[in-house]
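Here the protein sequences line up with chains A and B, keeping their order.
Mind the numbering: the first sequence is residues 1 to 109 in my numbering, read in order.
Mind the numbering: the second sequence is residues 110 to 223 in my numbering, read in order.
All C-beta atoms, glycine included, are put in the ideal place defined by N, C-alpha and C.
The structure appears below as structure tokens.
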Amino acid sequence: SQQGEEDPQALSIQEGENATMNCSYKTSINNLQWYRQNSGRGLVHLILIRSNEREKHSGRLRVTLDTSKKSSSLLITASRAADTASYFCGGYNTDKLIFGTGTRLQVFP
Amino acid sequence: DTGVSQDPRHKITKRGQNVTFRCDPISEHNRLYWYRQTLGQGPEFLTYFQNEAQLEKSRLLSDRFSAERPKGSFSTLEIQRTEQGDSAMYLCASSSADLYYGYTFGSGTRLTVV
């Protein structure tokens, strides 16, 4: 079963704009991760944020974590057409990742 | 090492037939996971191995599903007496004990049951 839910389910923006996706999860988790999935392919790990961290940056990615609200956000700055993909958050439940429902991002050139 | 390999990429089978998928993880990774993903949804956990030991199975994994990882290397996922509801993408992933680096996923096996 899905543990997290991403919001929005779908997002369309122009190149150069920022894209923000949110993830809320139902139970306590350790170490939340974000993944990207291009159509018909496997998931690619983007970034991990530990339970004791509040914000993390990696290139054009910025992730925040609010454990009290059980939520996380992924910000992609200066988006590119190549960022078009589905994005999933995943939290560790015991020893395995449980994923959310995903946000489908479309970036128009 | 070219990453996680899954074979076949696509499989079309008739309802009631058995199918078997293979996953070759990154050789240094001792953990291997199977997920199922349907269109528009996130991956759903099925089962995982640490070395050759199968440590957890999801309630989603009915008796028709079985997974093995002999000798802690490649893994197979078998579905017996396939049903149309089994149509999905089956994803394999591997990881090391250091969770910081996340999972490395294969490209998946797309199963269509007709």
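Can you grab the Cα-Cα spacing for the pair residue i / residue j, in whole Å?
i	j	result
residue 205(B)	residue 139(B)	6 Å
residue 8(A)	residue 109(A)	21 Å
residue 219(B)	residue 148(B)	11 Å
residue 58(A)	residue 190(B)	46 Å
residue 78(A)	residue 157(B)	37 Å
Among the candidates the options, whose CA atom is the shortest distance from the CA of residue i?
i	options	result
residue 172(B)	148(B), 131(B), 122(B), 186(B)	186(B)
residue 92(A)	60(A), 75(A), 51(A)	51(A)
residue 65(A)	89(A), 85(A), 45(A)	89(A)
residue 98(A)	115(B), 152(B), 183(B)	152(B)
residue 135(B)	119(B), 142(B), 112(B), 123(B)	112(B)
residue 199(B)	137(B), 124(B), 211(B), 154(B)	154(B)
residue 160(B)	166(B), 174(B), 142(B)	142(B)
residue 177(B)	167(B), 162(B), 168(B), 169(B)	162(B)
residue 4(A)	84(A), 79(A), 69(A), 14(A)	69(A)
Is there a C-beta anywhere in chain B that falls below 9 Å from the one on residue i?
i	result
residue 25(A)	no
residue 101(A)	yes
residue 63(A)	no
residue 108(A)	no
residue 74(A)	no
residue 96(A)	yes
residue 42(A)	yes
residue 48(A)	yes
residue 45(A)	yes
With 16 as the cutoff for other CB atoms within 10 Å, does residue i come out buried or exposed?
i	result
residue 146(B)	buried
residue 116(B)	exposed
residue 107(A)	buried
residue 222(B)	buried
residue 96(A)	buried
Using a Cβ-Cβ distance under 9 Å, would residue i count as near chain A?
i	result
residue 140(B)	yes
residue 211(B)	yes
residue 149(B)	yes
residue 194(B)	no
residue 176(B)	no
residue 159(B)	yes
Helix, strand or coil: which one does DSSP assign to residue i?
i	result
residue 212(B)	coil
residue 40(A)	coil
residue 16(A)	coil
residue 26(A)	coil
residue 82(A)	helix
residue 69(A)	coil
At a threshold of 8 Å, does residue i count as lining the ligand MG (C-beta to nearest heavy atom)?
i	result
residue 83(A)	Among the ligands in the structure shown, none appear at all, so the ligand MG cannot be discussed.
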